[in-house]
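A.B. asks: Take the sequence shown: its letters are residues 762 to 1732, numbered as in my numbering. All C-beta atoms in this analysis are idealised placements derived from N, C-alpha and C, irrespective of residue type, glycine included.
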Amino acid sequence: MACQSVAAVMDEQALLGLNPNADARYRQRAMAYFEQLKESQDAWEVCAEALAKGIYNDDHVKFFCFQVLEHQIKFRHAGLSAVQQQLIRETLMKWLQCQLMNAQPEKPFIRNKAAQVFALTFVMEYLTLWPKFFFDLLSLVGLSPHGVDIYLRTLMAIDAEVVDRDILHTPEETRRNTLIKDTMREQCIPSLVESWFQILQTYQQSHPEITCQCLEVVGAYVSWIDLNLIANDRFVNLLLSQMSVEELREEACDCLFEIVNKGMDPVDKTKLVESLCQVLQSAGFFNVEQEEDVDFLAKFARLVNGMGQSLLLSWTKLAKTGNVKDTAETLQAVEAKVPLLLKLLVHEDDDISTNVVGFCYEYLHVLKQLPQLTDQQKTNIEAVMLAVMKKLTYDDEYNFENEGEDEAMFVEYRKQLKMLLDRLAQVSPELLLEAVRRVFTNTMRNWQTAPFMEVEVAIRLLYMLGEALPASHGAHFSGDTVKTSALQDMMRTLVSCGVSSYQHTSVALEFFETVVRYDKFFIVEPQYIPNVLMAFLDQRGLRHNSPKVRSRVAYLFSRFIKTLHKHMNAFIEDILTRIQDLLELAPPENGFPALLTNDDQLFMFETAGVLIVNGETPVERKQVLMRSLLTPLMDAFRLLLAKLLQESEEERQAALADCLSHAVGFASRTSKAFSNKQTVKQCGCTEVYRDCLQTFLPALSCPVQRVVLRSSVRSFLHRMIICLEEEVLPFIPAASEHMLKDCEAKDLQEFIPLISQITAKFKRQVSPFLQQVFMPLVVAIFEVLARPAEDNDQTAALENQMLRRSYFSFIQTITGSGMNEVMANQGAENIERVLFTIIQGAVDFPDPIAQKTCFIILSKLVELWGGKDGMVGFPDFIYKHIVPACFLAPLKPTFDLSDAQTVLTLSECAVTLKMIHHKRGPEFIQFLQQEYLPSLQVSPEISQELCQVLQQPDVKVLKNYIKAFFQRAKL
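(1) What number of angstroms, rounded off, separates the C-alpha of residue 1647 from the C-alpha of residue 1671?
(2) Report back the beta-carbon spacing between residue 1222 and residue 1150 to the nearest angstrom; my notes put them in contact at under 8 Å.
(3) Would you grab the beta carbon distance between residue 1056 and residue 1011 for me? Rounded to a whole angstrom, and I think it's under 8 Å.
(4) My output table needs one value for residue 1512: the three-state DSSP class, helix, strand or coil.
(5) Please confirm whether residue 1720 and residue 1658 have their CB atoms less than 8 Å apart.
(6) Starting from the Cα of residue 878, find the closest Cα among 809, 944, 866 and 925 and give me that residue.
(7) Could you name each continuous alpha helix (DSSP H) segment of 4 residues or more that falls completely within the segment 1658-1700, going from the start of the chain to the end?
(8) Any idea if residue 927 is buried or exposed, counting beta-carbon neighbours within 10 angstroms, 16 or more meaning buried?
(9) How big is the Cα-Cα spacing for residue 1252 and residue 1276?
(10) Looking at C-alpha atoms only, which residue of 1197, 1169 and 1168 is the closest neighbour of residue 1182?
(11) Suppose the cutoff is 7 Å on Cβ atoms and the five residues either side in sequence are ignored; what does the same chain contact list for residue 901 look like?
(12) Considering just the uninterrupted stretch of the alpha helix (DSSP H) at residue 1121, what are its terminal residues?
(13) Check each candidate in 798, 977, 1273 and 1068 and name the one with the smallest Cα separation from residue 1313.
(14) Would you report the Cα separation of residue 1074 and residue 1146, rounded to the nearest angstrom?
(15) I'd like the ranges of any alpha helix (DSSP H) spanning at least 4 consecutive residues and lying wholly in the segment 1005-1029.
(16) Under the three-state reduction of DSSP, which class applies to residue 1329: helix, strand or coil?
(17) What is the DSSP secondary structure of residue 1488, reduced to helix, strand or coil?
(18) Using CA atoms only, rank isn't needed, just tell me which of 881, 800, 906 and 824 is closest to residue 862.
(19) Taking contact to mean 3 or more Cβ pairs, one atom from each stretch, closer than 8 Å, check whether the segment 1446-1456 and the segment 1500-1510 are in contact.
(20) Please say whether residue 1330 and residue 1377 have beta carbons closer to each other than 8 Å?
(21) Suppose you measure from the CA of residue 1100 to the CA of residue 1137; what does that come to, to the nearest Å?
(22) Tell me which residue opens and which closes the alpha helix (DSSP H) that residue 843 is part of.
(23) By the three-class DSSP mapping on this structure, what secondary structure does residue 1377 have?
(24) Quick one: Cα of residue 1579 to Cα of residue 1524, how far?
(25) Considering only residues of the same chain and omitting the five flanking positions on each side of residue 1139, which have a CB-CB separation below 8 Å?
(26) Looking at C-beta atoms only, is the number of pairs between the segment 1620-1634 and the segment 1692-1710 that lie closer than 8 Å three or more?
(27) Should residue 1203 be flagged as near chain B, meaning a C-beta pair shorter than 8 Å?
(28) Would residue 977 pass as a contact of residue 1068 if the rule is Cβ separation under 8 Å?
(29) Contact check, residue 1031 vs residue 1090 under 8 Å by CB: the rounded distance?
(30) With 16 as the cutoff for other CB atoms within 10 Å, does residue 1287 come out buried or exposed?
(31) DSSP state of residue 816, grouped into three classes?
(32) Quick check: the Cα distance between residue 1105 and residue 1115, rounded to an integer number of angstroms?
(33) Between which residues of its own chain and residue 1413 is the CB-CB distance below 8 Å, once the five residues before and five after are set aside?
(34) What three-state label does DSSP hand residue 1141 in the structure shown?
(35) Could you work out which residue in 1309, 1302 and 1332 is closest to residue 1318 when comparing CA atoms only?
(36) Would you call the CB atoms of residue 1265 and residue 1201 closer than 8 Å?
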C-alpha cells in the first residue's frame, strides 16, 4: 500500500485527461495543465508533494508528476531557489523510501522515469550541491530489492546522460560530463563496484532480473573505470559462475564482452584475454557442439568475436612497435582460438555464425600481411573456405516465391560471407580457385540427383569468383593461365552439362547470372552460344514458369546480346521470330497476365533493336526488320488513341493512356541501339522513326490523360533529337504549341529541357523557331508561377522553385549558345520584362542554385550588350539594376556565406562585376566610387580598396576579396 498523507491541491478534472482512453476535451485540458505547471514558478511543487506523500494511486498521474519535475530540473534548475532545489532532493528520497515499504513495485515505466529524474538531478548537483548522492542512495536502499532496482536503473540513466557516445552533447556538456566521471573515479567508483559485487552475490538466486540489471550496469561502466576493480579473481570468478546459471548467462556473457572490449595496453590485453579463455575452456564453454541454447551461444559467439578481435588489434599494435616476442605470442594466442572460431562459424544457426564473421575477417587480414604461411595457417584457410561454402547454402525453409524477413536476413548474411570469400581470395587465390573448382565439378557431375541448394551454391561460387578474383573489364579469359583455364573449364561444364534444365528457380537464376557475368567466355569459345541462346529463349529462361525468373532473364538477355552482338549474325532472324510474341503490346482489356511486365518488355525491345542494328544484313533487310518491329506499335497506338478520345470512364482512360505510353516507350527503347544520326541513316531507319513521330505527336493534343501522354511523347522527342538530328526539326513547332497549352508547373519544367536540348544542339538552325516560341514560353511560365497557392503547400512551392530554375537555365542556354538575337528580337517591352525576371531571380528568391544561374546570365548579357556597340539603353540597365543586384543579393539575410552553393553564387557575382569593368572601364569605377558605394554608406577607404581589386587582372583575387567584403558588411 502506498504512503498516504494530506492531499496536495491539483486540478482533478485536468488529471482525468491523462488516461489514454479519456476524450479529446479532457486530454486538451490535461495538456494545458501540464504547460501551466511547467511554466509556473512554484505550482510544480504540488507534484513534488504528491510524489513524496504517495497521494495518487493512478499510474498516469504519478508519471505526469515526474514529467513536471523532470522539466524543472532539466530546463529551470538554475532559476530555482536553494529551498526549491532542496525540495526536489527530499521529494526523490521520500519517494524512494516509499518504494522500500511498498509490497508491490511501481510499473516499469514509472521506475524508468523516476530513474531519469534521479539521473538529471545527479548531473545538475553532484559536482556542487549533492556530492554524497551515491552514499545517500546506497544508505537508504541497503539491500532492499525494490530500492536496488531503482538504484541500478538510476545508474543506467546516468550512463545515458554522462557516458553514452551515441548521444550528441554540446562542448559545455561534454566538459561537465568529463568532470563528473573524473570526480566519480576519485570519490565513489570503488564503493559502487563493491555494491555491484554485493548485489550480484546476494540476488543471483532469489532475484535473477536484478542480477541481470546489475550485470548490464557493470558492462556499461567498465569502459571508463579502472579495470582492475572488475578484472580480478573475485569478480571474474563470480561472473564465470553466473555463466552457468540459465537466467544470468546471457547478461554475464555481455558483461565479459565489455570487459574484453576495454581499450588497454596490447600486452596487458593479451594476458587478460588469455586468462579469461583458460578459465572458460576449463569450465567447458568451448565445447559448443554440446550447447543447445542458441540464444546463449549467439552471445558467447559475440564474446569470442570480441576476444579474437582484441587479440588481433594487440597483434597489429605490437607488430608496428617491432616487439617480436610479444607479437609472436599474441599471434599464437589468436591461432589457438581458430578451432573455436570455426565451430561457431559453421554452426547451423546463422545468428551464431554472423557474430564471429568480424574475427574471421580480421584473422584473414592478418594472414594476408604475413610473409609466409605455415601449414597450420593454410589448413585454417581451407577450413574457413569450407565453412563459408557450407554456410552459403540455402536451407529447406527459404521461401523463394514470397521472401519475408527471415529471407532478407539470410541475404544480408550471405553478403557477409561474400566479404570473407573476397578476403580468402586475397590471402590465397590458388587455394580458393582449387576449392571452388572441386566443389563445382563434383556437384555438376551429379546435378540431376543433387538437392537444389547444393547445385545453386556450386554455381554461386563460380559466380562469386568473378569478383573475388577481379579482372579488368571482365577479362577473365586472358592473362594468368592457371586462373583462365580453371574458369574456362568450369564455364564449359556449366553450359554443356545440362544444369540449365534444373527446375528450381534459384538454380535457373544463378545459371543465367553466371552466364552473363562471364559473357566474355563466349568470345573465346563461341561454339557454346547456340546452346545458351536456346536456354534464354525457351522454358528455362524467358518462358520459365516463375515470373521472377522471366523478369530477370529479360534484363540478362539484353546484356548478353549487347556484349556478343558481333557473334549473333547467324541467329538474328531466328531470335526475332522466337521472341515475337514477347514484343506484343498487351492491350488494356486483356484479362490474361502477360509473360513479361512492361518494364521487362523494354529490355526485349532494346535487345531486338541491338540485333537488327548490329547485324551484317543489307540495309534493306534492316529497314524491313525495324519496320516490322515498330509498325505493330504504331498501329496499336492509332487504335488506342481513337478509343481514348471516345472513352468517358476515368479508370478506363487511365488504362488506355498507360498502354499508349508503353507503346511510345517501347519504340523509344529500340532507338537505344543507335549511337547517333549516322547509324540511323546507315540502317535505313530514318523514315520509320519519322513515321513514329507522326503517329505519336497527335497524342499531345488529347484533352484527357495529358500528363502521361505528354511525358512519354516528350521522352521520345528527346531520343529522336539524338537519333534523327535535324530531321526532327519540322516536328518541333507543332509539338511545342501543343505542350504549351493548359500546362502545369511540372509540364513546363519537363518541356524546358527539351527546348534547351534543341537550342544547344542546333543553335542557329533553330533561331527562327526559338524567336517565335520564346515569349509564349516565358508567358506560360509566369502565368503558372502567378497562380495562387496555399501558404503551407510545400509541393506547390517546390514545383515553382524547380520551374524557376528550369526557366533560368533555359535563358542561360540561349545566351550561352551565342543566340542573343533570340532575346534581342522580342521587342523592347518584352526584353525589359525578361531582364527584370533575371534581376529578381538573382536578388529576391533565396535559392542559391537559381541565383548562380541568374548571375551567369547577367555576366553573359553584359558581355554581349554592354560594350560601346551593344544594345541601346543596356548600359543604363547595368548601372540601375545589374550593379545593385551584385551588392543587394549578398547583403540579404538569407544569403548564407557558410553554404558552399551560396559561395559559388558569390563567385559568379564577382565575375559579373569583373565583366562590367571589362566592358565599361573607368566609367564603372567612377560610378562605384562617386555614386553607388556612397549610397550604401561604404567608407571611401573600403570603396577605393574594392575598386583597386576590381582593376586587377586576376578574377580570383576579386572573388576572395568580395567574400571578405560581404562577411564584414554582415557583422
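C.D. replies: The answer reads as follows:
(1) Counting from 1 along the sequence shown, the entry for residue 1647 is found at position 886. Counting from 1 along the sequence shown, the entry for residue 1671 is found at position 910. Roughly 8 Å between the two C-alpha positions.
(2) Mapped onto the sequence shown, residue 1222 falls at position 461. Mapped onto the sequence shown, residue 1150 falls at position 389. That pair is a contact at about 6 Å.
(3) Counting from 1 along the sequence shown, the entry for residue 1056 is found at position 295. Counting from 1 along the sequence shown, the entry for residue 1011 is found at position 250. Sure, about 6 Å apart at Cβ, within 8 Å.
(4) For this step, residue 1512 is matched to residue 751 along the sequence shown. Helix.
(5) Counting from one through the sequence shown, the residue named residue 1720 turns up at place 959. Counting from one through the sequence shown, the residue named residue 1658 turns up at place 897. No, the pair does not count as a contact, with Cβ atoms beyond the cut-off.
(6) Along the sequence shown, one-based indexing puts residue 878 at 117. Answer by Cα proximity: 809.
(7) 1661-1681 and 1683-1688
(8) Residue 927 sits at position 166 when you count from the first residue of the sequence shown. It is exposed - the Cβ of residue 927 has fewer than 16 other Cβ atoms within 10 Å.
(9) Sequence index remark: in the sequence shown, residue 1252 carries index 491 (1-based). Sequence index remark: in the sequence shown, residue 1276 carries index 515 (1-based). C-alpha separation (whole angstroms): 8 Å.
(10) Translated into positions along the sequence shown, residue 1182 becomes position 421. For residue 1182, the nearest C-alpha among the options comes from 1197.
(11) One-based indexing of the sequence shown puts residue 901 at position 140. Hits under 7 Å: 854, 857, 858 and 908.
(12) Counting from 1 along the sequence shown, the entry for residue 1121 is found at position 360. Per DSSP, residue 1121 belongs to the alpha helix (DSSP H) from 1118-1130.
(13) Your numbering for residue 1313 matches position 552 in the sequence shown. Among 798, 977, 1273 and 1068, the Cα nearest to that of residue 1313 is on 1273.
(14) Residue numbering aside, residue 1074 sits at position 313 when the sequence shown is read from its first letter. Residue numbering aside, residue 1146 sits at position 385 when the sequence shown is read from its first letter. Each residue's alpha carbon lies about 23 Å from the other.
(15) 1010-1022
(16) Walking along the sequence shown from the start, residue 1329 turns up at place 568. Correct three-state label for residue 1329: coil.
(17) Mapped onto the sequence shown, residue 1488 falls at position 727. In the structure shown, residue 1488 sits in a helix (DSSP, three-state: H, G or I).
(18) By 1-based counting over the sequence shown, the position of residue 862 is 101. The option with the nearest alpha carbon to residue 862 is 906.
(19) no
(20) To locate residue 1377, count along the sequence shown from 1; it is residue 616. To locate residue 1330, count along the sequence shown from 1; it is residue 569. Yes. Within cutoff.
(21) Counting from 1 along the sequence shown, the entry for residue 1100 is found at position 339. Counting from 1 along the sequence shown, the entry for residue 1137 is found at position 376. Using only the alpha carbons, I get a separation of about 11 Å.
(22) Counting from one through the sequence shown, the residue named residue 843 turns up at place 82. Residue 843 -> alpha helix (DSSP H) spans 843-862.
(23) Translated into the one-based positions of the sequence shown, residue 1377 becomes position 616. Here residue 1377 sits in coil by DSSP.
(24) As a position in the sequence shown, residue 1579 is number 818, starting the count at 1. As a position in the sequence shown, residue 1524 is number 763, starting the count at 1. Each residue's Cα considered, the two are about 8 Å apart.
(25) Start at 1 with the first residue of the sequence shown, and residue 1139 comes out as number 378. So the list reads 1189 and 1192, once near-sequence residues are dropped.
(26) no
(27) Protein chains in the displayed structure number just one, and chain B is not present.
(28) Within the sequence shown, residue 977 is the residue found at index 216, counting from 1. Within the sequence shown, residue 1068 is the residue found at index 307, counting from 1. No; because the gap between Cβ atoms is not below 8 Å, this pair is not in contact.
(29) Counting from 1 along the sequence shown, the entry for residue 1031 is found at position 270. Counting from 1 along the sequence shown, the entry for residue 1090 is found at position 329. About 7 Å separates the two Cβ atoms, so the contact holds.
(30) For the purposes of this step, residue 1287 is identified with residue 526 of the sequence shown, where counting begins at 1. Exposed, because fewer than 16 other Cβ atoms sit within 10 Å of the Cβ of residue 1287.
(31) For the purposes of this step, residue 816 is taken as residue 55 along the sequence shown, with counting starting at 1. Coil, per DSSP.
(32) Residue numbering aside, residue 1105 sits at position 344 when the sequence shown is read from its first letter. Residue numbering aside, residue 1115 sits at position 354 when the sequence shown is read from its first letter. Going from the Cα of residue 1105 to the Cα of residue 1115 covers about 9 Å.
(33) Here residue 1413 refers to the residue found at position 652 when the sequence shown is read from its first residue. For residue 1413, where only same-chain residues beyond five positions count, the Cβ hits under 8 Å are 1349.
(34) The residue labelled residue 1141 in the question sits at position 380 within the sequence shown. Residue 1141: helix per DSSP, three-state reduction.
(35) Locating residue 1318 in the sequence shown gives position 557, where the first residue counts as 1. Ranking 1309, 1302 and 1332 by Cα distance to residue 1318 puts 1302 first.
(36) Residue mapping note: residue 1265 aligns to position 504 of the sequence shown, counting from 1. Residue mapping note: residue 1201 aligns to position 440 of the sequence shown, counting from 1. In this structure, residue 1201 does not lie closer than 8 Å to residue 1265 by Cβ.
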